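First comes the structure, then the notes that go with it.
Residue numbers (the numbering used here): 1 to 262.
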């Protein structure tokens with residue numbers, strides 16, 4: 001139940017004054033370096049609730065997934081309840097500003113009983129005067145298309161320096177191992193590039209490995225090759241994903257060294 005405990009640890013953030021005090025950096029525990037270390041911290045908090053075993057995949061090490069997404073800002077709370085066919089098959093929600101509206105969106109992995117996983121983006125609204133706080137889904141990638149097929153979020157940053165945030169995911173990290181980069185355009189997540197043969201998750205692990213770094217030449221993703229023997233840095237030039245080998249992979253310590261630009 002390691003992953004369930006890690007995800008439940010996110011929920012107390014809903015009782016805290018804000019994320020800055022609740023975690024030392026921009027990334028929740030277990031999700032890897034999804035955001036760069038200097039990414040903004042937000043006072044809004046987010047977490048999963050309503051544990052469920054209605055989707056018996058267990059890709060993250062136990063049978064527990066989640067039926068609700070919750071957000072809180074200054075003692076105001078909002079909740080989004082999924083229908084029975086869907087679950088949040090994820091470690092923790094990620095807060096990142098991925099559009100041109102100030103403030104964070106919430107990025108999560110949803111899985112459908114028949115169509116597998118997709119990346120979904122939610123926005124929380126906390127009206128100052130009239131209306132109730134609420135969460136709504138504003139965009140999502142297509143479902144992978146088959147039950148028990150998952151994706152692992154890898155990072156969100158302006159990868160090509162054009163002023164827009166890209167979102168990277170690894171689709172089927174245990175099978176196809178396809179890195180995809182997405183942009184939010186006119187309310188839709190549009191694929192910008194893909195690359196096969198890299199991964200960031202082993203089946204049954206309670207954590208996602210690797211993520212983003214910036215060693216002075218702009219953001220790049222640090223991932224594993226398809227057999228977990230080499231580290232691969234992947235850069236996006238605006239049109240294509242460009243991989244390069246950066247050394248042997250000998251466990252979690254290798255990722256830490258690479259992400260620290262050492």
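Positions of the beta carbon are idealized from the N, C-alpha and C atoms, including for glycine.
All values derive from a computational prediction rather than experimental measurement.
DSSP places residue 253 in the uninterrupted alpha helix (DSSP H) bounded by 252-259. Burial check for residue 229: the Cβ neighbour count within 10 Å stays below 16, so the residue is exposed. Note on residue 129: under 16 other CB atoms within 10 angstroms of its CB, so exposed under the neighbour-count rule.
Burial state of residue 205 is buried, judged by a 10 Å Cβ sphere holding 16 or more other Cβ atoms. The beta-carbon separation of residue 31 and residue 91, rounded to 5 Å, stays under the 8 Å limit for a contact. For the pair residue 200 and residue 154, the CB atoms are nearer than the 8 Å cut-off. DSSP places residue 68 inside the beta strand (DSSP E), whose first and last residues are 65-73. Proximity of the stretch 159-170 to the stretch 212-228 meets the contact definition, three or more beta-carbon pairs being nearer than 8 Å. Segment contact: the stretch 173-180 against the stretch 247-259, fewer than three CB-CB distances shorter than 8 Å; contact not assigned. In the three-state scheme derived from DSSP, where H, G and I count as helix and E and B as strand, residue 236 is classed as strand. Residues 148 of the same chain have their beta carbon placed closer than 6 Å to that of residue 57, with the five preceding and five following residues left out of the count. When DSSP states are grouped into helix, strand and coil, residue 132 belongs to the coil group.
The straight-line gap separating the alpha-carbon atoms of residue 234 and residue 185 is approximately 23 Å. Take the alpha-carbon of residue 116 and the one of residue 142: they are about 10 Å apart. DSSP places residue 122 inside the beta strand (DSSP E), whose first and last residues are 116-125.
Rounded to whole angstroms, the separation of the alpha carbons of residue 61 and residue 227 is 20 Å. As computed with DSSP, residue 242 is found in a beta bridge with 235. In terms of Cα proximity to residue 224, the closest of 208, 237, 217 is 208. Between residue 112 and residue 105, the gap from beta carbon to beta carbon reaches 8 Å or more.
For the pair residue 86 and residue 109, the Cα-to-Cα distance works out to about 10 Å.
DSSP places residue 190 inside the beta strand (DSSP E), whose first and last residues are 188-196.
Under the three-state reduction of DSSP output, residue 112 falls in the strand class. Membership of residue 150 in any beta strand (DSSP E) is not indicated, and neither H nor E is assigned to it by DSSP.
Straight through space, the alpha carbons of residue 49 and residue 137 are spaced by roughly 17 Å. In its chain, beyond the 5 residues on either side, 84, 87 have a beta carbon closer than 7 Å to the beta carbon of residue 54. Within the model, the alpha-carbon separation for residue 107 versus residue 245 is close to 29 Å.
For residue 94, the closest of 195, 198, 40, 248 by C-alpha to C-alpha distance is 40.
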